[in-house]
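Undergrad: Numbering (this note's numbering), first residue to last: 131 to 233.
All residues carry an ideal CB built from backbone N, CA and C; glycine is no exception.
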């Protein structure tokens with residue numbers, strides 16, 4: 131799965147993502163919960179966030195764990211991990227190479 135560019139600086143309701151709480155996919159671990167890190171089509175690491183639970187579920191499935199964060203808090207968590215890009219409401223596509231194992 132690769133991340134494609136977001137639809138723009140505002141969602142369909144005209145709300146700027148930086149002004150609202152975002153739905154951020156996470157991975158629960160034994161000791162802590164971690165941000166899910168993706169890659170852009172250019173290979174740059176990015177954290178992704180969504181303006182609605184519906185959009186998050188469309189991208190990752192209904193069982194995907196998530197937390198709500200504002201953009202400044204999301205950046206503050208991602209930057210120490212070396213991730214400096216935030217992609218809001220990304221569209222995803224499946225890799226075209228069937229020889230690459232998924233998982």
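Since residue 179 and residue 211 should fall inside the 8 Å C-beta cutoff, what is the C-beta to C-beta distance between them, to a whole number of angstroms?
TA: Actually they do not touch by this definition, with Cβ atoms about 15 Å apart.
Undergrad: Below 8 Å on the Cβ atoms is my contact criterion, and I expect residue 176 with residue 213 to pass it. Report the Cβ-Cβ distance as a whole number of Å.
TA: Their Cβ separation, rounded to whole angstroms, is 7 Å, which keeps residue 176 and residue 213 in contact under 8 Å.
Undergrad: According to the Cβ coordinates, are residue 166 and residue 155 closer than 7 Å?
TA: Taking 7 Å as the Cβ cut-off, residue 166 and residue 155 qualify as a contacting pair.
Undergrad: So within the segment 162-227, which uninterrupted beta strand (DSSP E) runs reach at least 3 residues, ignoring any that extend past its ends?
TA: Counting only runs of 3 or more, we get 163-165, 167-169, 175-179, 196-199, 215-218.
Undergrad: Can you check DSSP and say which residues form a bridge with residue 160?
TA: None, per the DSSP bridge assignment.
Undergrad: Cα separation between residue 163 and residue 195?
TA: Rounded to the nearest angstrom, the two C-alpha atoms are 10 Å apart.
Undergrad: Going along the chain, which residues of its own chain have a beta-carbon closer than 7 Å to the beta-carbon of residue 174, five neighbours each way excluded?
TA: For residue 174, where only same-chain residues beyond five positions count, the Cβ hits under 7 Å are 215.
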